[in-house]
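Asker: Counting along the sequence shown from 1, when you hit position 57 you're at 57 in full-length UniProt numbering, and nothing is skipped either side.
We put the beta carbon where it would ideally sit given N, CA and C, even for glycine.
Just dropping this structure here.
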Amino acid sequence: MSYEIPCWYMRGGTSKGPFFRAADLPEDTATRDAVILAAMGSPDERQIDGLGGAKPLTSKAGILSIPTDGAADLDFLFGQVGIAEGKVDTTPNCGNMLAAALPAAIEAGLLSADEGTTTRRVRTVNTGVIAEITLQTPGGRPLYDGDAHIDGVPRPAAPVTCGFLDTEGSLSGALLPTGNLRDTIDGVEVTLIDNGMPVMLVNAADLGVQGDERPEALDADTALKARIEALRLKAGPLMNLGDVSGKPVPKITLVSLPRHGGALGTRTFIPHDCHTSIGVLGAVTVATAAVMPGTVAADVANAGQGDARTLSIEHPTGEFSVELGLAQGRVVRAALLRTARLLMRGTVPVSPSTWAGP
Ligand code: NQM
Numbered sequence: 001m002s003y004e005i006p007c008w009y010m011r012g013g014t015s016k017g018p019f020f021r022a023a024d025l026p027e028d029t030a031t032r033d034a035v036i037l038a039a040m041g042s043p044d045e046r047q048i049d050g051l052g053g054a055k056p057l058t059s060k061a062g063i064l065s066i067p068t069d070g071a072a073d074l075d076f077l078f079g080q081v082g083i084a085e086g087k088v089d090t091t092p093n094c095g096n097m098l099a100a101a102l103p104a105a106i107e108a109g110l111l112s113a114d115e116g117t118t119t120r121r122v123r124t125v126n127t128g129v130i131a132e133i134t135l136q137t138p139g140g141r142p143l144y145d146g147d148a149h150i151d152g153v154p155r156p157a158a159p160v161t162c163g164f165l166d167t168e169g170s171l172s173g174a175l176l177p178t179g180n181l182r183d184t185i186d187g188v189e190v191t192l193i194d195n196g197m198p199v200m201l202v203n204a205a206d207l208g209v210q211g212d213e214r215p216e217a218l219d220a221d222t223a224l225k226a227r228i229e230a231l232r233l234k235a236g237p238l239m240n241l242g243d244v245s246g247k248p249v250p251k252i253t254l255v256s257l258p259r260h261g262g263a264l265g266t267r268t269f270i271p272h273d274c275h276t277s278i279g280v281l282g283a284v285t286v287a288t289a290a291v292m293p294g295t296v297a298a299d300v301a302n303a304g305q306g307d308a309r310t311l312s313i314e315h316p317t318g319e320f321s322v323e324l325g326l327a328q329g330r331v332v333r334a335a336l337l338r339t340a341r342l343l344m345r346g347t348v349p350v351s352p353s354t355w356a357g358p
């Protein structure tokens, strides 16, 4: 027996995946995950029998609902869908998929749009982080075509602006979970920080690389990847994340001097593959470290001055601009630009043996 689940397949920033309404999915978490895995074609390293794109950035899903506690206008539960692994991880945030959550909710009839522009508070249920998202909605419909360009997406599109407050310690409990601006793990100096995404920062030179290599070259360097994973496994418990061997956090960002006039150079592992750009809350966290003297990011960063700064984070396919607001030297606000697009709307047939249907 197979069931048809309504689905809105969206690009959000430099990621993409299906969005579902929570009410259309099984309530029980294990059964819900079995449905999502079946829809995505996991576990299978090619995801050949489903919607997944066989890479971490294209093996993601969003679940939408209207909160009843009034804390936000929309609840977005993010799922990082295992590729070869039959697991949906709802631990981390994803700021790229978040950029698509509001247009998806309007498409799905969960929320209505205002005339002209629509601003709503969207809560990422995974961590409780609330973002203020603004879309263009002429005629009360999400507009996708436009002139805004983000590196990592070939075509321009309508802007989606994302503002974050209160991202400190999203999963680690504190901005600096060890209380230190830098720690030493296996003789390597690292900064362990979480301003929306738990990240371990390492100077690329300390791992014997330049930090401007192509992602494919870094992915092919098995000795480097083994070293990074060994550091990450030790960083996990220090960041209050426990045993992270099967978890997608912390991410690892190799930092280096900027080469294109930006604030600093980055190569980010998520956590085993090198990102073709950088994640949204990953970029907010790296930018935050860059403005904090004493971190390994500050060593290489051109971090600017003042309480309102825009940091251009260089990455493999260009740059990511993060606007930071500081008060007494502390980052209290972050804002950035994304774009999103509806790629397909329809239904996805699934027949997980564990589900008796809607
Ligand atoms: O950091 C990739 C992405 C992400 C996550 C990852 C993200 C974020 O590019 O907020 O957006 O870090 O796995 O979508």
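Quick one: does the C-beta of Ser15 sit closer than 7 Å to a heavy atom of the ligand NQM?
Answerer: The residue given as residue 15 occupies position 15 in the sequence shown. True, at least one ligand heavy atom lies under 7 Å from that Cβ.
Asker: In terms of alpha-carbon separation, which member of Phe76, Ser112, Pro103 and Glu132 lies closest to residue 359?
Answerer: Because the chain in this structure spans residues 1 to 358, residue 359 falls outside the shown range and cannot be described.
Asker: Determine the burial state of Ile48: buried for a count of at least 16 other Cβ atoms within 10 Å of its Cβ, exposed for fewer.
Answerer: As a position in the sequence shown, residue 48 is number 48, starting the count at 1. Classification for Ile48: exposed.
Asker: May I ask whether a heavy atom of the ligand NQM can be found less than 7 Å away from the beta carbon of Ile313?
Answerer: In the sequence shown, the residue the question calls residue 313 occupies position 313. No - the ligand NQM has no heavy atom lying nearer than 7 Å to the Cβ of Ile313.
Asker: Which class does Leu37 belong to by DSSP, given the choice of helix, strand or coil?
Answerer: Mapped onto the sequence shown, residue 37 falls at position 37. Taken through DSSP and simplified to helix, strand or coil, Leu37 comes out as helix.
Asker: Are at least three pairs of beta-carbons, each pair with one atom in the stretch 171-184 and one in the stretch 139-154, less than 8 Å apart?
Answerer: Cβ pair count under 8 Å is below three, so no.
Asker: CB of Pro258 to nearest heavy atom of the ligand NQM: below 7 Å?
Answerer: Working through the sequence shown from its first residue, we reach residue 258 at position 258. No, the ligand NQM has no heavy atom inside 7 Å of this Cβ.
Asker: Do Ala204 and Ala263 have their beta-carbon atoms positioned less than 8 Å apart in this structure?
Answerer: For this step, residue 263 is matched to residue 263 along the sequence shown. For this step, residue 204 is matched to residue 204 along the sequence shown. In this structure, Ala204 does not lie closer than 8 Å to Ala263 by Cβ.
Asker: Would you check if the stretch 246-263 and the stretch 193-202 touch, i.e. whether three or more CB-CB distances between them fall below 8 Å?
Answerer: Under the three-pair Cβ rule at 8 Å, the stretch 193-202 counts as touching the stretch 246-263.
Asker: Quick check on the DSSP output: the beta strand (DSSP E) that includes Glu107 runs from which residue to which?
Answerer: Residue 107 sits at position 107 when you count from the first residue of the sequence shown. Not the beta strand (DSSP E): Glu107 falls in the alpha helix (DSSP H), residues Gly95 to Glu107.
Asker: Starting from the N-terminal side, write out each stretch of the alpha helix (DSSP H) that is 4 residues or longer and does not extend beyond the stretch 19-65.
Answerer: 29-40
Asker: To the nearest angstrom, how far is it from the Cα of Lys60 to the Cα of Arg141?
Answerer: The count along the sequence shown starts at 1 and reaches residue 60 at position 60. The count along the sequence shown starts at 1 and reaches residue 141 at position 141. Going by the C-alpha atoms only, they are around 25 Å apart.
Asker: Using only the alpha-carbon positions, how far apart do Ala308 and Ala327 sit?
Answerer: Your numbering for residue 308 matches position 308 in the sequence shown. Your numbering for residue 327 matches position 327 in the sequence shown. Cα to Cα, Ala308 sits roughly 9 Å from Ala327.
Asker: Return the CA-CA distance between Pro43 and Asn93, expressed in angstroms with no decimal places.
Answerer: Taking the sequence shown and counting its residues from 1, one reaches residue 43 at position 43. Taking the sequence shown and counting its residues from 1, one reaches residue 93 at position 93. Cα to Cα, Pro43 sits roughly 22 Å from Asn93.
Asker: Which term fits Met97, buried or exposed, when burial requires 16 or more other beta carbons within 10 angstroms of its beta carbon?
Answerer: For the purposes of this step, residue 97 is taken as the residue at position 97 of the sequence shown. Met97 is buried by the Cβ-count criterion.
Asker: Tell me the rounded alpha-carbon separation between Pro293 and Ala105.
Answerer: Position 293 of the sequence shown, counting from 1, holds the residue named residue 293. Position 105 of the sequence shown, counting from 1, holds the residue named residue 105. One C-alpha to the other measures close to 40 Å.
Asker: Less than 8 Å between the C-beta atoms of Trp316 and Thr276, yes or no?
Answerer: As a working note, residue 316 is residue 316 in the sequence shown. As a working note, residue 276 is residue 276 in the sequence shown. Note on identity: in this sequence residue 316 is Pro, with Trp being the wrong assignment. Yes. Within cutoff.
Asker: Would you say Pro56 touches the ligand NQM, meaning its beta carbon is less than 7 Å from a heavy atom?
Answerer: What you label residue 56 is simply residue 56 of the sequence shown in a count that begins at 1. Within the chosen limit of 7 Å, the ligand NQM reaches the beta carbon of Pro56 through at least one heavy atom.
Asker: Got a sec: does the ligand NQM put a non-hydrogen atom nearer than 7 Å to the Cβ of Ile133?
Answerer: Taking the sequence shown and counting its residues from 1, the one referred to as residue 133 is at position 133. It does not: the Cβ of Ile133 is nowhere closer than 7 Å to a heavy atom of the ligand NQM.
Asker: Does Ala157 come out as helix, strand or coil in the three-state DSSP assignment?
Answerer: Against the sequence shown, residue 157 aligns to sequence position 157. Strand, per DSSP.
Asker: With Pro138 as the anchor, note down where its beta strand (DSSP E) starts and where it stops.
Answerer: Position 138 of the sequence shown, counted from the start, is the residue given in the question as residue 138. In the DSSP annotation of this structure, Pro138 is not part of any beta strand (DSSP E), being labelled neither H nor E.
Asker: So Val350 and Tyr3 are supposed to be a Cβ contact under 8 Å. How far apart are they, rounded?
Answerer: The residue you call residue 350 lines up with position 350 of the sequence shown. The residue you call residue 3 lines up with position 3 of the sequence shown. Contact holds; Cβ gap of about 6 Å.
Asker: What does a CB cutoff of less than 7 Å around Val212 pick up in its chain, not counting 5 residues either side in sequence?
Answerer: In the sequence shown, the residue the question calls residue 212 occupies position 212. It is Asp, not Val, that sits at residue 212 in the sequence shown. Correct list, in chain order: Ser256, Arg259 and Gly265.
Asker: Taking 7 Å as the limit between beta carbons, can you name the residues of its chain near Glu132, skipping five residues before and five after?
Answerer: Locating residue 132 in the sequence shown gives position 132, counting from the first residue. Here the set comprises Thr119, Arg121 and Gly163.
Asker: Would you mind giving the Cβ-Cβ distance between Ala108 and Arg11, rounded to the nearest angstrom? I have them listed as a contact below 8 Å.
Answerer: Start at 1 with the first residue of the sequence shown, and residue 108 comes out as number 108. Start at 1 with the first residue of the sequence shown, and residue 11 comes out as number 11. At roughly 16 Å, the Cβ-Cβ gap does not stay under 8 Å, so Ala108 and Arg11 are not in contact.
Asker: If the criterion is Cβ atoms closer than 8 Å, does the pair Ala39 and Pro26 meet it?
Answerer: Along the sequence shown, read from residue 1 onward, the residue named residue 39 stands at position 39. Along the sequence shown, read from residue 1 onward, the residue named residue 26 stands at position 26. No, these two residues do not count as a Cβ contact at 8 Å.
Asker: Under 7 Å from any heavy atom of the ligand NQM, does the C-beta of Asn96 make it?
Answerer: Working through the sequence shown from its first residue, we reach residue 96 at position 96. Flag set: Cβ of Asn96 near the ligand NQM.
Asker: For the beta strand (DSSP E) containing Leu224, name the first residue and the last one.
Answerer: Along the sequence shown, read from residue 1 onward, the residue named residue 224 stands at position 224. From DSSP, Leu224 is part of no beta strand (DSSP E) but of the alpha helix (DSSP H) over Thr222 to Leu238.
Asker: Between which two residues does the alpha helix (DSSP H) containing Gly346 stretch?
Answerer: Residue 346 sits at position 346 when you count from the first residue of the sequence shown. Segment Arg330 to Val350 is the beta strand (DSSP E) holding Gly346; no alpha helix (DSSP H) there.
Asker: Could you give the distance in angstroms between the alpha-carbon of Asp217 and the alpha-carbon of Ala226?
Answerer: Residue mapping note: residue 217 aligns to position 217 of the sequence shown, counting from 1. Residue mapping note: residue 226 aligns to position 226 of the sequence shown, counting from 1. First, the amino acid is wrong: residue 217 is Ala here, not Asp. Spanning the two alpha carbons is a distance of roughly 14 Å.
Asker: Looking only at its own chain, which residues have a Cβ that is under 6 Å from the Cβ of Leu281, when we skip the five neighbours before and after it?
Answerer: Along the sequence shown, read from residue 1 onward, the residue named residue 281 stands at position 281. Its chain contains Asn93, Gly95, Gly196 and Met197 as the residues whose beta carbon lies nearer than 6 Å to that of Leu281, once the 5 sequence neighbours on both sides are disregarded; these appear in chain order.
Asker: Using the three-state DSSP reduction, which class does Pro258 fall into: helix, strand or coil?
Answerer: Looking up residue 258 in the sequence shown gives position 258. Three-state result, Pro258: coil.
Asker: Just the C-alpha distance for Gly53 and Gly79, rounded to the nearest angstrom, thanks.
Answerer: For the purposes of this step, residue 53 is taken as the residue at position 53 of the sequence shown. For the purposes of this step, residue 79 is taken as the residue at position 79 of the sequence shown. Using only the alpha carbons, I get a separation of about 14 Å.
Asker: Provide the residue span of the beta strand (DSSP E) that contains Leu201, from first to last.
Answerer: As a working note, residue 201 is residue 201 in the sequence shown. Taken as a continuous stretch (DSSP letters only), the beta strand (DSSP E) holding Leu201 covers Pro198 to Asn203.
Asker: Beta-carbon within less than 6 Å of Ala100's beta-carbon, same chain only, minus the 5 sequence neighbours each way: which residues are those?
Answerer: Looking up residue 100 in the sequence shown gives position 100. These residues qualify, in order along the chain: Met10, Gly12 and Ala340.
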